[in-house]
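K.L.:
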Amino acid sequence: MIIAIDGPAASGKGTLARRLARRYGLIYLDTGALYRAVATLLLNDGADLSDAEAAVAATARITPAFLEDSSLRTAEAGRAASVVAAMPPVRTALFDYQRSVATTPPGAVLDGRDIGTVICPDAEVKLFVTADLTTRAERRYHELMANGMDTSRDIVLKDLAERDQRDAQRAEAPLVAAEDAYLLDTSNLDIEAAFQAACAHVDAATGIN
Ligand code: DC
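Each residue of the sequence shown is one higher than the one before, starting from 3 at the first, in my numbering.
Here it is, written out as structure tokens:
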């Protein structure tokens, strides 16, 4: 089974995806981490973020351990990831890996921006997780502060708004809900309520339970 989860930054889709993977016995792939890894490698090399050739070469240097590296979780890495993700050759270079994780039994939960539309249009379940901008900014602000990063609410809000705009406006694989995606607005839901709503949808869509 494949569960495709898309949505804007800080919508809660990562936490939800991880919990759904555990609940249904599936592998979890955070596809945003792939773009963050490429961007971080370029930043570390002092390379230009718009250098598509260097970015494609960087995709071959991603290791499972690096995907867990805390340096990928900074606001700077998120911003840079959104820039490299707009380059079609980078998306192409990361396609096969994402497909292979999704299609290897027992299946997977993938979260990102184009999972239900491009990577796994064949997914049994598609969720589009969203929340209003101020709610997302507040969540991301607390997350960054809890991780010891110094920032302000205004900076985080501006950063998310810019990222939304770039991810949704790009020509290749923009952030958009698949036509057959189930819309889950978490603005007024805590993580437990969002998880219960998502499980109810997965169960109904797959005939489990
Ligand atoms: O989900 P995230 O915030 O970790 O993603 C970081 C950036 O990577 C995001 O702003 C856009 C890009 N991304 C993408 O273009 N496609 C994906 N499937 C996942 C992330």
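Ideal Cβ positions, reconstructed from N, Cα and C, are used throughout, including at glycine.
(1) With the cut-off set at 8 Å, would you say G34 and A83 are in Cβ contact?
(2) Taking the C-alpha atoms as reference points, what is the distance between G14 and G109?
(3) Alpha carbon to alpha carbon, how far is Q100 from V204? Give it in angstroms, no decimals.
(4) Going by C-alpha to C-alpha distance, which of A183, L186, V85 sits closest to Y37?
(5) Note down the Cα distance separating E174 from H144, rounded to an integer number of angstroms.
(6) Comparing C-alpha positions only, which one of Y30, R20, N46 sits nearest to T105?
(7) Say the cut is 7 Å; is the CB of V63 nearer than that to a heavy atom of ligand 1?
(8) Is A56 near ligand 1, going by C-beta to nearest heavy atom under 7 Å?
(9) Would the beta-carbon of G118 fall within 8 Å of that of A77?
(10) Taking buried to mean at least 16 other C-beta atoms within 10 Å of its own C-beta, is P212 buried or exposed?
(11) Alpha carbon to alpha carbon, what distance is there between N149 and P176?
(12) Just reading off the alpha helix (DSSP H) that G34 is part of, what are its end residues?
(13) Identify the continuous beta strand (DSSP E) that holds D192 and give its terminal residues.
(14) What would DSSP say about T153, mapped onto helix, strand or coil?
(15) Among M151, I210, V92, E126, whose alpha-carbon lies nearest the alpha-carbon of Y184?
(16) Can you give, in chain order, each stretch of the alpha helix (DSSP H) that sits fully within the segment 63 to 108 and has at least 4 residues?
(17) Can you tell me which residues form a DSSP beta bridge with L186?
(18) Does ligand 1 have a heavy atom nearer than 7 Å to the CB of G109?
(19) Under a three-way DSSP split, which group does D124 fall into?
(20) Whole angstroms is fine: what's the gap from D116's alpha carbon to F130's?
P.N.:
Concretely, from the data shown:
(1) yes
(2) 21 Å
(3) 21 Å
(4) V85
(5) 31 Å
(6) Y30
(7) The question names Val, but residue 63 is Arg in the sequence shown. The answer is no for R63.
(8) no
(9) no
(10) The requested residue 212 is not part of the displayed model; the chain covers only 3 to 211.
(11) 29 Å
(12) 33 to 47
(13) Careful: D192 lies outside any beta strand (DSSP E) and carries neither H nor E.
(14) coil
(15) E126
(16) 66 to 69, 77 to 86, 90 to 105
(17) V131
(18) no
(19) coil
(20) 10 Å
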